[in-house]
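**Q** The sequence shown maps to residues 1 to 237 in this note's numbering.
Quick one: this structure, given as structure tokens, is what I'll be asking you about.
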Amino acid sequence: MKADLEQIEGVYFLPRHRSYYSGFGHVRSTIKGLDFLEKQGVDYDYVNLLTGQDYPLKSHAAISAFLENNRGKSFIEHFTMPASSWTDGGMTRITHLWFHSTGKVRKYPRDRFPLLFQRKIPYGLAPWGGSGYWTLCREHADYVMRFVRSHPKYVRFFRRGHVPDEIFFQTILLTSPYKADIVNDDLRYVDWSDPREAPKVLGKGDWDKLEACDDLFARKFDIGRDADILSMIDNAR
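Now the structure itself:
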């Protein structure tokens, strides 16, 4: 797959690293991507964080028009913590040290090791949470990278967090001078109604909802379970 995709102009593969489920690897990958865009001098207005199970619901023209009409705004779900929608308000994600490995997660209270690990988010920042996927304008993405480089204690703190990608970027942006330009909408259709899946795998039965929504993207899809829904989206676009 890599050999085929590398032949497409504008497709790049970054160096791989170990990434455990719910660990820091997701954040690390995102930082790598933003750093690559900056160092390569890629000229862009917006950057979208997507997974291999995401898919655009709108045409390229419609997505471009939407972003042009909202130039200077970024789109990321956000809420203050503790959050009623998260177990324990999500606070144990940051009050404990998390050690992730294959098929196993261990956690310990941070205050058990006060000399080795920071007990609270450094620099007096209040935590914000939300979806791990977003659409950022260039100015805000550049701010994130400047913050990451100039606040190493912040990065080090989240290396031992749990699902840190749902807190790391929100906390930077919602405590920044750009807070007023951060829209509380990730522009993604996601269905959390099925407790057996996180989130639900979308299929033909979800078509009416997908067709009616205003979101630019949706997740998640699995062509092994239902590939027809992607053809339906393509035809509608």
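Just so it is clear, CB atoms sit at the ideal spot from N, CA and C, and this is done for glycine as well.
Computed from a predicted structure; not experimentally measured.
(1) Taking the alpha-carbon positions, what's the residue 229 to residue 111 distance?
(2) Helix, strand or coil for residue 10? Go by DSSP, reduced to three states.
(3) Could you check whether residue 26 and residue 132 sit closer than 8 Å to each other, using their CB atoms as the reference points?
(4) Mark residue 14 as exposed unless 16 or more other C-beta atoms lie within 10 angstroms of its C-beta, in which case mark it buried.
(5) Identify, in the order they occur along the chain, each residue of the same chain with its Cβ nearer than 6 Å to the Cβ of residue 47, setting aside the five sequence neighbours on each side.
(6) Where does residue 182 fall in DSSP's three states?
(7) Going by other Cβ atoms of all chains shown within 10 Å of its Cβ, with 16 needed for buried, is residue 192 buried or exposed?
(8) For residue 79 and residue 183, which I take to be in contact (beta-carbon distance under 8 Å), what is that distance rounded to the nearest angstrom?
(9) Check each candidate in 155, 233 and 194 and name the one with the smallest Cα separation from residue 213.
(10) At what residues does the beta strand (DSSP E) containing residue 55 begin and finish?
(11) Tell me, please, whether the segment 88-100 touches the segment 157-166 by the rule of three or more beta-carbon pairs shorter than 8 Å.
(12) What does DSSP give as the partner residues of residue 227 in its beta bridges?
(13) To the nearest angstrom, how far is the alpha carbon of residue 49 from that of residue 146?
(14) Going by DSSP, what residues sit across from residue 195 in a beta bridge?
(15) What is the DSSP secondary structure of residue 108, reduced to helix, strand or coil?
(16) Use the C-beta contact count for residue 105: other C-beta atoms within 10 angstroms, 16 or more gives buried, fewer gives exposed.
(17) Would you kindly check if the distance between the Cβ of residue 171 and the Cβ of residue 127 is under 8 Å?
(18) With respect to the alpha helix (DSSP H) encompassing residue 60, which residues constitute its N-terminal and C-terminal limits?
**A** Let me lay it out:
(1) Along the sequence shown, read from residue 1 onward, the residue named residue 229 stands at position 229. Along the sequence shown, read from residue 1 onward, the residue named residue 111 stands at position 111. Pairing residue 229 with residue 111, the inter-Cα distance amounts to about 49 Å.
(2) Against the sequence shown, residue 10 aligns to sequence position 10. If DSSP states are grouped into helix, strand and coil, residue 10 belongs with coil.
(3) By one-based count along the sequence shown, residue 132 stands at place 132. By one-based count along the sequence shown, residue 26 stands at place 26. Yes, the pair counts as a contact, with Cβ atoms nearer than the cut-off.
(4) For the purposes of this step, residue 14 is taken as the residue at position 14 of the sequence shown. Result: exposed.
(5) If you number the sequence shown from 1, residue 47 lands on position 47. So the list reads 136 and 141, once near-sequence residues are dropped.
(6) For the purposes of this step, residue 182 is taken as residue 182 along the sequence shown, with counting starting at 1. Residue 182 falls in the strand class under three-state DSSP.
(7) Reading the sequence shown from its first residue, position 192 is the one you call residue 192. Its Cβ having fewer than 16 others within 10 Å, residue 192 is exposed.
(8) By 1-based counting over the sequence shown, the position of residue 79 is 79. By 1-based counting over the sequence shown, the position of residue 183 is 183. Approximately 13 Å separates the beta-carbon atoms of residue 79 and residue 183; this is outside 8 Å, ruling out the contact.
(9) Along the sequence shown, read from residue 1 onward, the residue named residue 213 stands at position 213. Per the Cα distances, 233.
(10) The sequence position of residue 55 within the sequence shown is 55, counting from 1. First-last of the beta strand (DSSP E) with residue 55: 54-56.
(11) Using a Cβ-Cβ distance cut-off of 8 Å, the segment 88-100 and the segment 157-166 are in contact, since at least three pairs of beta carbons, one from each stretch, lie closer than that value.
(12) For the purposes of this step, residue 227 is identified with residue 227 of the sequence shown, where counting begins at 1. Note: residue 227 sits in no beta bridge, so no partner.
(13) Taking the first residue of the sequence shown as position 1, residue 49 is located at position 49. Taking the first residue of the sequence shown as position 1, residue 146 is located at position 146. Approximately 18 Å, taken between the alpha carbons.
(14) Here residue 195 is taken as the residue at index 195 of the sequence shown, counted from 1. DSSP, once it has assigned bridges, lists no residue as partnering residue 195.
(15) Residue numbering aside, residue 108 sits at position 108 when the sequence shown is read from its first letter. Strand at residue 108.
(16) Here the question's residue 105 lines up with position 105 in the sequence shown. Classification of residue 105: exposed, given that the 10 Å Cβ count is below 16.
(17) Translated into the one-based positions of the sequence shown, residue 127 becomes position 127. Translated into the one-based positions of the sequence shown, residue 171 becomes position 171. Their beta carbons are under 8 Å apart, which means residue 127 touches residue 171 by this criterion.
(18) Locating residue 60 in the sequence shown gives position 60, counting from the first residue. DSSP places residue 60 inside the alpha helix (DSSP H), whose first and last residues are 60-69.
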